[in-house]
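S.K.: One structure, as structure tokens, below. Some questions next.
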Amino acid sequence: MELICPAGTPAAFREAVDAGADAVYCGFRDETNARNFPGLNFSRDELRTAIAYARGRKVMTFVAINTFMRAGQEGLWHQAVDDAAALGADAVILADFGLMAYTVERHPKQRLHVSVQASASNADAVRFLVEAFAAKRVVLPRTLTIADIARLAKQIDCEIEVFAFGGLCVMAEGRCSLSSYATGKSPNMNGVCSPASHVRYRPDGRDLVSELGDYTINRFPAGEAAGYPTLCKGRFDIAEERGYAFEDPVSLDVMDHIEALRAAGVSALKIEGRQRGKAYVAEVVSVMRRALTAGATERPALVSRLKALSEGQKTTTGAYEKRWR
Amino acid sequence: MTLSTSPSKPVLSLGPVYYLWDGPKWRDFYFRVADEAPIAHVTIGEAVCSKRLHFIEPHVGEVIERLENAGKQVSLASLALVTLERESQLVRGLVRDSAHSIEVNDLSALHLLAGKPHSIGPLVNVYNGATARLLASRGATSICLPPELPMGSVRGIVDENPGVDFEVFAFGRVPLAISARCAHARSKGLIKDNCQFICGEDPDGLTVETLDSQPFLALNGVQTMSHTCQALLQELPELAAAGVSRIRLSPQDCDMAAVAHIFDDVIAGRRSPREAQATLAGIYPNRPFSNGFHHGQTGATWISAEAGAEAR
Chain A
0 MELICPAGTP AAFREAVDAG ADAVYCGFRD ETNARNFPGL NFSRDELRTA
50 IAYARGRKVM TFVAINTFMR AGQEGLWHQA VDDAAALGAD AVILADFGLM
100 AYTVERHPKQ RLHVSVQASA SNADAVRFLV EAFAAKRVVL PRTLTIADIA
150 RLAKQIDCEI EVFAFGGLCV MAEGRCSLSS YATGKSPNMN GVCSPASHVR
200 YRPDGRDLVS ELGDYTINRF PAGEAAGYPT LCKGRFDIAE ERGYAFEDPV
250 SLDVMDHIEA LRAAGVSALK IEGRQRGKAY VAEVVSVMRR ALTAGATERP
300 ALVSRLKALS EGQKTTTGAY EKRWR
Chain B
0 MTLSTSPSKP VLSLGPVYYL WDGPKWRDFY FRVADEAPIA HVTIGEAVCS
50 KRLHFIEPHV GEVIERLENA GKQVSLASLA LVTLERESQL VRGLVRDSAH
100 SIEVNDLSAL HLLAGKPHSI GPLVNVYNGA TARLLASRGA TSICLPPELP
150 MGSVRGIVDE NPGVDFEVFA FGRVPLAISA RCAHARSKGL IKDNCQFICG
200 EDPDGLTVET LDSQPFLALN GVQTMSHTCQ ALLQELPELA AAGVSRIRLS
250 PQDCDMAAVA HIFDDVIAGR RSPREAQATL AGIYPNRPFS NGFHHGQTGA
300 TWISAEAGAE AR
């Protein structure tokens, strides 16, 4: 299985290459990618340099252009695909059908991967993408169990990439307007979720309250570490119940299931985290690289080291195991 | 002198009931729609959760018959999230066996319906004219645009695709997200695989409040909806002028025939949007209205007609 690693900056990109990535994915510094955060992502020149660095070390570069084109501004997305192709991206990762159609027409030789944001969660959906756009690989939404993935792999003529480590969307990706409902900024249109521009921490007595837009997302008593107010990881009241209504503040870690994913027919494991710093990227990539090749006796130590790197050090296997539902 | 052809007035369409209602309630709801509501297109069927299908199945035949006898055009909704083999089979069966047009709510139905006329539901991502064109080239004849789309995008997409009927989500709690996990079951200490159809206890959704007691969202099984009710009334003339041909009402647990009459009155110019809004608040009380998405703002907000005019 290939190891697909995130890079939000040229420095993180080089770290990922040096730490053992098979491919590094990144995006341009604008709304065309789903990690459109201040200070992140690549200019055209930076991408050119990065691709050359990777290629010299036999590592691939995937360019994520995985938001949805805004009507009337399609040129921004077209230019991103044109430039990624011209700069030699080994694949473009796309979510928008209109942009996929453009890519097939203008750059028929460009390898096309389907972003998780396209929400292809079953064999017929993947067949649509293969037939309409000659997609070579699909990144599966985090809604499937390993058994679901194994069954799917047998039915499609397309490689499968799955998320193995990092942030976890609770909702089907690319089909969530929670952030724009609360802030006006949408993952699909603006490439952001629960954006920092709308986050506020407000002391209230001995508590610290985290807010997103006009809404309280969590409240932390003194002594409890205050997390980032990602909307779907917030604490809410439902009838008489108070708690994490959608998901606890955990991150995804399925490294305990490497062999099962391999047996299921997965071609590539993806690490989430383009917003993370270069030290984090270097550490996670190198540990995961070793975990992929390690024997059964050596692996548990590596897996526990990964857990220590996770958000709040709490992890879940998410939808990969049926009981999560 | 050039003659300007004013676009024909939009007609009303009714989206599928997103909530779990018991069979008789569901049937009676559509009987009333058939008899009383000025609605041209009705989409029925379960879009949210495959586990719920058996509640409505016994009544689908009689509901279709009643609606069609009343002159309504009926479509059947496909599931929004298809992950299990059983769910794939359900969608394949729907496409194979149905004599009615299918509303596509997931990509699997797009594959199965290639080349056959069908409609696209609001849960498929159509954010630009190129995507609408691609879908139309594969058989889509009508497209309900995503609720979060601002008016500028609506106008651009409609302009680029003159042969397609476009629909805008104008009334109802907004479907904001869907998950493999059931937050509704989770909130009552259950999990999806053993949910006891607990979502049936909340026929208009279960309110999620912030820790400061501010109503925020609503749970509907695996779907998360807005607390607010999207209500595009003052925007109807603008939507009509842009060439939008259908106005979608999404069923809430209130008198939807009355809701339809209000929208019909505004479209026909018999009632002002302001007066309509006050009447609507009486029919669907205790639920704030929102239209922020349409104005490119925070989705939960309400932009008054005056403020909306200033913003433009």
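Quick mapping for you: the protein sequence lines, in order, are chains A and B. Quick note on numbering: the first sequence equals residues 0 to 324 in numbering that gives the first Met the number 0. Quick note on numbering: the second sequence equals residues 0 to 311 in numbering that gives the first Met the number 0. Using N, Cα and C, we set each Cβ at its ideal position, and we do this for glycine too. In this text the structure is predicted, and so the values were computed from the model without any measurement.
#1: Taking the continuous alpha helix (DSSP H) assigned at B/V207, which residues delimit it?
#2: Report the CB separation of A/D247 from A/K313 in whole angstroms; it is logged as a contact under 8 angstroms.
#3: Near A/V62, what residues of its chain come up, given a Cβ to Cβ distance below 6 angstroms and the 5 sequence neighbours on each side ignored?
#4: Give the list of continuous beta strand (DSSP E) stretches no shorter than 3 residues that lie fully inside the segment 0-48 of chain A.
#5: In terms of residue numbering, what span does the beta strand (DSSP E) encompassing A/Y200 cover?
#6: Closer than 8 angstroms is the cut-off here; do at least three beta carbon pairs connect the segment 100-111 of chain A with the segment 160-169 of chain B?
#7: I think A/S118 touches A/R174, with their Cβ atoms under 8 angstroms apart; what is that distance to the nearest whole Å?
#8: Can you say whether B/K115 is buried or exposed, counting buried as having 16 or more other CB atoms within 10 angstroms of its CB?
#9: When burial is assigned at 16 or more other CB atoms within 10 Å of the CB, is B/N285 buried or exposed?
#10: Look at the alpha carbon of B/V94 and the alpha carbon of B/I101, and state the distance between them as a whole number of angstroms.
#11: Evaluate A/G55 with the Cβ neighbour count: other Cβ atoms within 10 Å of its Cβ, from every protein chain shown; 16 or more gives buried, anything less gives exposed.
#12: Please say whether A/F162 and A/E271 have beta carbons closer to each other than 7 angstroms?
#13: Any contact between the segment 282-300 of chain B and the segment 131-149 of chain B? By contact I mean 3 or more CB pairs, one from each, below 8 angstroms.
#14: For B/C181, which residues in chain A fall below 9 angstroms Cβ to Cβ?
#15: How many angstroms separate the CA atom of B/M0 from the CA atom of B/A240?
#16: With C-beta atoms as the reference, is B/L175 less than 7 angstroms away from B/T223?
#17: Quick check on the DSSP output: the alpha helix (DSSP H) that includes A/S303 runs from which residue to which?
#18: Mind pulling the alpha helix (DSSP H) runs of 4 or more residues that sit fully within the segment 178-202 of chain B?
#19: Going along chain B in order, which residues have a C-beta closer than 9 angstroms to the C-beta of A/R105?
#20: Hey, how far is the Cα of A/K277 from the Cα of B/V207?
#21: Is it buried or exposed, B/H53, if we count other Cβ atoms within 10 angstroms and call 16 or more buried?
#22: As a quick exercise: from A/A18, A/D95 and A/R13, pick the residue whose alpha carbon is nearest that of A/S285.
#23: Report all residues from its chain with a CB closer than 7 angstroms to the CB of A/A181; omit the five preceding and five following residues, and keep chain order.
#24: List the residues of chain B whose Cβ lies closer than 7 angstroms to the Cβ of A/E73, in chain order.
#25: Which residues bound the alpha helix (DSSP H) around B/A139?
#26: Do B/A129 and A/G97 have their C-beta atoms closer together than 7 angstroms?
#27: Do you know offhand how far B/I119's Cα is from A/F41's?
#28: Is it right to say A/G74 is buried, meaning 16 or more other beta carbons lie within 10 angstroms of its own, or is it exposed?
#29: For the segment 250-265 of chain A against the segment 198-205 of chain A, are there 3 or more C-beta pairs whose distance is under 8 angstroms?
#30: Under the three-state reduction of DSSP, which class applies to B/Y126: helix, strand or coil?
#31: What are the residues of the segment 160-171 of chain A that lie near chain B, defined by any Cβ-Cβ distance shorter than 7 angstroms?
#32: Can you look up A/M188 in the DSSP assignment and give me helix, strand or coil?
#33: Nearest chain B C-beta to A/S309 closer than 7 angstroms, yes or no?
#34: Can you give, in chain order, each stretch of the alpha helix (DSSP H) that sits fully within the segment 217-291 of chain A and has at least 4 residues?
#35: Counting only the same chain and skipping the five closest in sequence on each side, list residues whose C-beta sits under 6 angstroms from that of A/D95.
#36: Using a beta-carbon distance below 7 angstroms, is B/F215 in contact with chain A?
M.R.: Quick look at the numbers:
#1: For B/V207, no alpha helix (DSSP H) segment is defined; the enclosing uninterrupted segment is the beta strand (DSSP E) at L205 to E208.
#2: Their Cβ separation, rounded to whole angstroms, is 7 angstroms, which keeps A/D247 and A/K313 in contact under 8 angstroms.
#3: Cβ within range, chain order: A83, A88 and V91.
#4: Complete beta strand (DSSP E) runs here, min 3: 1-5 and 22-25.
#5: Taken as a continuous stretch (DSSP letters only), the beta strand (DSSP E) holding A/Y200 covers V198 to D203.
#6: Contact fails: fewer than three Cβ-Cβ distances are below 8 angstroms.
#7: About 5 angstroms; that satisfies the 8 angstroms criterion.
#8: Exposed, since its Cβ has fewer than 16 Cβ neighbours within 10 Å.
#9: Burial call: exposed.
#10: C-alpha of B/V94 to C-alpha of B/I101: approximately 7 angstroms in a straight line.
#11: Taking all protein chains in view, the Cβ of A/G55 is surrounded by fewer than 16 other Cβ atoms within 10 Å, so the residue is classified as exposed.
#12: Taking 7 angstroms as the Cβ cut-off, A/E271 and A/F162 qualify as a contacting pair.
#13: Yes, since at least three Cβ pairs between the segment 282-300 of chain B and the segment 131-149 of chain B fall closer than 8 angstroms, the two stretches touch.
#14: For B/C181, the chain A residues whose Cβ falls inside 9 angstroms of its Cβ are R324, in order along the chain.
#15: Note that B/M0 scores 42 on pLDDT, short of 50, meaning its location in the model is unreliable; the coordinates nonetheless yield the value given after this. For B/M0 and B/A240, the distance between alpha carbons rounds to 21 angstroms.
#16: Here B/L175 is near B/T223, since their CB atoms are less than 7 angstroms apart.
#17: A/S303 -> alpha helix (DSSP H) spans R298 to A307.
#18: For the segment 178-202 of chain B, whole alpha helix (DSSP H) runs of length 4 or above, ordered along the chain, are 182-186.
#19: Those within 9 angstroms of A/R105 in chain B number zero; the least Cβ separation is about 12 angstroms.
#20: C-alpha separation (whole angstroms): 38 angstroms.
#21: By the 10 Å Cβ count, B/H53 comes out exposed.
#22: The residue with the shortest Cα to Cα distance from A/S285 is A/A18.
#23: Excluding residues within five positions, the ones whose Cβ falls inside 7 angstroms are L211, G212, Y214 and L230.
#24: By Cβ distance, chain B contributes N127 and A129.
#25: That residue, B/A139, is in no alpha helix (DSSP H); its beta strand (DSSP E) goes A139 to C143.
#26: Cβ atoms of B/A129 and A/G97: closer than 7 angstroms.
#27: Answer to the nearest angstrom: the Cα atoms are 35 angstroms apart.
#28: By the 16-neighbour rule on beta-carbons within 10 angstroms, A/G74 is exposed.
#29: With contact defined as three or more Cβ pairs closer than 8 angstroms, the segment 250-265 of chain A and the segment 198-205 of chain A are not in contact.
#30: Per DSSP, reduced to three states, the secondary structure at B/Y126 is coil, with no helix or strand assignment.
#31: Listed by position, the residues of the segment 160-171 of chain A near chain B (Cβ gap below 7 angstroms) are V169, M170 and A171.
#32: Looking at A/M188 - three-state DSSP - the assignment turns out to be helix.
#33: With its beta carbon at least 7 angstroms from every one in chain B, A/S309 lies outside the interface.
#34: If we require 4 residues or more, the alpha helix (DSSP H) runs fully inside the segment 217-291 of chain A come out as 257-263.
#35: These residues qualify, in order along the chain: F67 and M68.
#36: The C-beta of B/F215 comes closer than 7 angstroms to at least one C-beta of chain A.
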